[in-house]
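Have a look at the structure below before the remarks.
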Amino acid sequence: MPQILLEAQNIQQNFGVQRVLDVEGLHIYDGERIGLIGENGAGKTTLLDILSGVRMPDHGVVRRYCAVSVIRQMGDAEADGDGRLRSEFDVREHREGLSGGERTRRRIAAALSEGSHLLLADEPTTDLDAQGVEQLRKELEAYPGAIVLVSHDRGLLDALCTRIWHLEDGKLYEFAGNYTEYRAELEHRRAWQQLEYDQYRSEQARLQGAIQGTYERTFQIRKTPTRMGNSEARLHKMDSRQISQQLHKARRQLESRLAQLEVKERPREDVAIRMELGASRPVAARTAMEVRYITLKAGDRTLLSNASFVLPTGTRTALLGPNGCGKTTLLRAIAASAAATGQLCGGLSDGGSRPLGAVRLNPAVRIGWFDQTHEHTLDAQRSALENVMRESVHDQSDVRTVLARLNLRGDDVFKPVGVLSGGERGRVALARLLLSDANLLLLDEPTNHLDVFTLEALQEMLGGYRGTVLFVSHDQAFCDALATRTLQFEGNRLKSFEGTRDEWLARENADRQAEARQLEISALQMRMANLAARIGAPRKGDDPEALNAEYQQLAAQVRSLQQSH
Numbered sequence: 064m065p066q067i068l069l070e071a072q073n074i075q076q077n078f079g080v081q082r083v084l085d086v087e088g089l090h091i092y093d094g095e096r097i098g099l100i101g102e103n104g105a106g107k108t109t110l111l112d113i114l115s116g117v118r119m120p121d122h123g124v125v126r127r128y129c130a131v132s133v134i135r136q137m138g139d140a141e142a143d144g145d146g147r148l149r150s151e152f153d154v155r156e157h158r159e160g161l162s163g164g165e166r167t168r169r170r171i172a173a174a175l176s177e178g179s180h181l182l183l184a185d186e187p188t189t190d191l192d193a194q195g196v197e198q199l200r201k202e203l204e205a206y207p208g209a210i211v212l213v214s215h216d217r218g219l220l221d222a223l224c225t226r227i228w229h230l231e232d233g234k235l236y237e238f239a240g241n242y243t244e245y246r247a248e249l250e251h252r253r254a255w256q257q258l259e260y261d262q263y264r265s266e267q268a269r270l271q272g273a274i275q276g277t278y279e280r281t282f283q284i285r286k287t288p289t290r291m292g293n294s295e296a297r298l299h300k301m302d303s304r305q306i307s308q309q310l311h312k313a314r315r316q317l318e319s320r321l322a323q324l325e326v327k328e329r330p331r332e333d334v335a336i337r338m339e340l341g342a343s344r345p346v347a348a349r350t351a352m353e354v355r356y357i358t359l360k361a362g363d364r365t366l367l368s369n370a371s372f373v374l375p376t377g378t379r380t381a382l383l384g385p386n387g388c389g390k391t392t393l394l395r396a397i398a399a400s401a402a403a404t405g406q407l408c409g410g411l412s413d414g415g416s417r418p419l420g421a422v423r424l425n426p427a428v429r430i431g432w433f434d435q436t437h438e439h440t441l442d443a444q445r446s447a448l449e450n451v452m453r454e455s456v457h458d459q460s461d462v463r464t465v466l467a468r469l470n471l472r473g474d475d476v477f478k479p480v481g482v483l484s485g486g487e488r489g490r491v492a493l494a495r496l497l498l499s500d501a502n503l504l505l506l507d508e509p510t511n512h513l514d515v516f517t518l519e520a521l522q523e524m525l526g527g528y529r530g531t532v533l534f535v536s537h538d539q540a541f542c543d544a545l546a547t548r549t550l551q552f553e554g555n556r557l558k559s560f561e562g563t564r565d566e567w568l569a570r571e572n573a574d575r576q577a578e579a580r581q582l583e584i585s586a587l588q589m590r591m592a593n594l595a596a597r598i599g600a601p602r603k604g605d606d607p608e609a610l611n612a613e614y615q616q617l618a619a620q621v622r623s624l625q626q627s628h
């Protein structure tokens with residue numbers, strides 16, 4: 064039987080009057096891979112803090128039987144990590160000005176270097192590019208102990224996890240399997256919960272109707288019919304009294320059954336989006352935007368050199384590349400240059416007078432820009448609802464629906480943006496763009512700091528968006544589901560592909576295989592040419608028949624390789 068590494072009972076944690084955690088019990092065994100899922104604010108980080116010993120719960124006990132390491136979501140690593148991990152994750156020396164991805168790599172390397180039997184990982188893919196996520200996956204798969212992983216990366220959860228903890232309303236629910244299996248089981252449980260709730264409501268309505276019926280029948284019986292003699296009236300009163308007692312007894316039985324009826328809660332359900340987003344200003348032209356001969360630099364380093372591309376109207380384009388290649392710089396340059404809407408603009412420069420590119424927008428295009436910071440786009444003094452309504456072309460009910468799908472519900476929409484968390488401000492900024500008259504969205508890492516449910520809601524809304532989208536995201540599942548085309552940084556060039564990321568990777572793989580096949584054909588043909596020369600002018604000791612047989616064998620291999628193309 065696997066060794067138990069940690070157990071906890073009756074964990075309760077309150078923040079003010081709100082109970083954030085109310086977990087009856089949990090166990091972690093050696094070798095387990097557990098995914099911790101929940102909405103933003105559900106208490107995932109708080110639970111990890113309690114399990115690791117950073118925070119003491121208001122009530123309950125945690126027993127740890129091994130050392131615990133933590134990959135934290137934010138902050139700087141206290142140590143550099145061992146040499147192998149520093150190399151694998153390309154860890155930079157600690158200094159001011161490290162990027163978010165560089166700090167994440169330092170935190171990962173430091174925690175993995177501790178070699179603890181239990182690893183708690185809180186959103187370890189934050190700001191990592193695809194290469195960093197892949198390296199993290201390999202390290203976690205090979206990790207010798209147990210792992211509890213908080214992540215919105217569905218691909219990582221699918222590849223790694225064998226058990227899911229779902230944290231909702233302070234309670235912890237367990238599911239066997241990876242993320243995809245968990246989602247299927249969650250939908251099954253909610254469907255069953257909906258059936259039970261419908262049956263409960265139907266039986267409740269039936270009993271309430273029957274009780275009301277007994278009241279009405281009792282009232283009717285007590286009324287003495289008109290034109291009735293005294294003796295008949297006395298008999299009627301005696302009969303009505305007896306019937307009333309029977310009805311009273313029946314009513315009490317019905318009321319008892321109603322009181323004992325097991326209450327079934329309505330299952331949580333996503334709010335449906337029925338409006339068309341991005342459709343208020345349709346663009347009739349085939350091309351929404353064209354970028355010509357753009358060159359971008361970071362200091363002395365050239366990020367892009369003389370690159371050009373177009374965005375066809377109505378497409379969703381994923382801008383891909385490793386950390387630091389220039390994706391954010393490119394989006395910011397486009398957003399700044401597009402201030403002169405509908406004109407050929409030369410406003411991209413390196414700080415001097417030399418123009419570094421041009422952007423042409425269709426005159427009907429209205430750009431919406433989502434940066435990783437929102438100080439200049441949101442009014443901190445106004446509420447979330449007011450910020451979105453200022454730009455919205457939809458009514459307030461539609462605005463609140465979109466905010467609810469982005470996990471801003473109830474009274475939260477009336478809070479000033481200045482008191483919201485960074486993730487909440489990001490969701491307000493996303494809602495503001497989705498509901499505005501913009502029809503071309505530039506989105507820089509819109510999936511950062513979203514829980515997996517909100518990420519899936521954003522994916523659904525962008526999937527139905529009627530405008531054009533150019534986005535940067537390191538979430539592979541999000542890119543795979545959303546993108547209809549890709550722009551890939553390759554060195555200081557941009558490579559465009561009309562298709563999904565999976566189709567692009569398949570073509571790249573096919574191109575590599577074709578190149579390798581052609582190299583093999585060339586090598587075989589060189590050997591054939593050498594054999595042909597020896598057959599035509601045999602050397603001393605050559606066997607012409609053996610040489611011819613070898614030549615035919617090589618020719619057959621060439622034909623086979625050529626036919627496999």
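Position one of the sequence shown corresponds to residue 64 (this note's numbering), numbered consecutively onward.
Where is the CB? At the ideal position from N, CA and C, for every residue including glycine.
- Nearest in C-alpha terms to methionine 591, of all of Asp145, Arg602, Lys603 and Leu617, is Leu617.
- Distance from leucine 219 to arginine 246 at the Cβ level is roughly 15 Å; contact not present, criterion being Cβ atoms closer than 8 Å.
- Look at serine 162 here: in three-state DSSP terms it is coil, with no helix or strand label.
- Contact check between the region 549-561 and the region 503-510: fewer than three CB pairs, one atom from each, fall below 8 Å, which does not count as touching.
- In the three-state scheme derived from DSSP, where H, G and I count as helix and E and B as strand, aspartate 85 is classed as strand.
- Of the candidates Pro345, Asp474 and Ala447, the residue whose Cα lies closest to the Cα of arginine 490 is Ala447.
- Two segments are said to touch when three or more pairs of C-beta atoms, one from each, lie closer than 8 Å; by this definition the region 272-282 does not touch the region 539-549.
- Between the region 174-190 and the region 204-212, the count of Cβ pairs shorter than 8 Å is three or higher; the stretches touch.
- Taking all protein chains in view, the Cβ of leucine 594 is crowded by 16 or more other Cβ atoms within 10 Å, so the residue is classified as buried.
- Contact between leucine 469 and alanine 520 is confirmed by a C-beta separation of about 6 Å, below the 8 Å threshold.
- Tyrosine 128 counts as exposed, since fewer than 16 other C-beta atoms from the protein chains shown sit within 10 angstroms of its C-beta.
- With a cut-off of 8 Å on Cβ pairs, the region 432-447 is in contact with the region 484-500, counting three or more such pairs.
- Comparing alpha-carbon positions, the option among Gly240, Arg423 and Arg463 lying closest to methionine 338 turns out to be Arg463.
- In the DSSP secondary-structure assignment, glutamate 318 is not bridged to any residue.
- With respect to the C-alpha of serine 536, the residue from Pro601, Thr380 and Glu553 having the closest C-alpha is Thr380.
- Nearest neighbour of tyrosine 92 by Cα position, chosen from Asn555, Arg226 and Pro375, turns out to be Arg226.
- Beta-bridge partners assigned by DSSP to alanine 254: none are found.
- The beta carbon of leucine 148 is closer than 7 Å to those of Ala172, Leu175 and Ser176 in its chain, skipping five residues each way along the sequence.
- Non-local beta-carbon contacts of proline 330 in its own chain, meaning distances under 7 Å to residues more than five positions away in sequence, involve Arg253, Gln256, Gln257 and Tyr260 in chain order.
- Under the three-state reduction of DSSP, lysine 478 is assigned to coil, being neither helix nor strand.
- Close CB contacts of serine 132 within its chain, under the 6 Å cut and outside five residues either way in sequence, are with Ala174, Glu177, Ser179 and Leu182 (chain order).
- Straight across, the Cα-Cα distance linking leucine 359 with glutamine 551 is about 15 Å.
- Counted as a single uninterrupted DSSP element, the beta strand (DSSP E) harbouring phenylalanine 78 occupies residues 67-78.
- Judged by DSSP in its simplified three-state form, glutamate 566 adopts helix.
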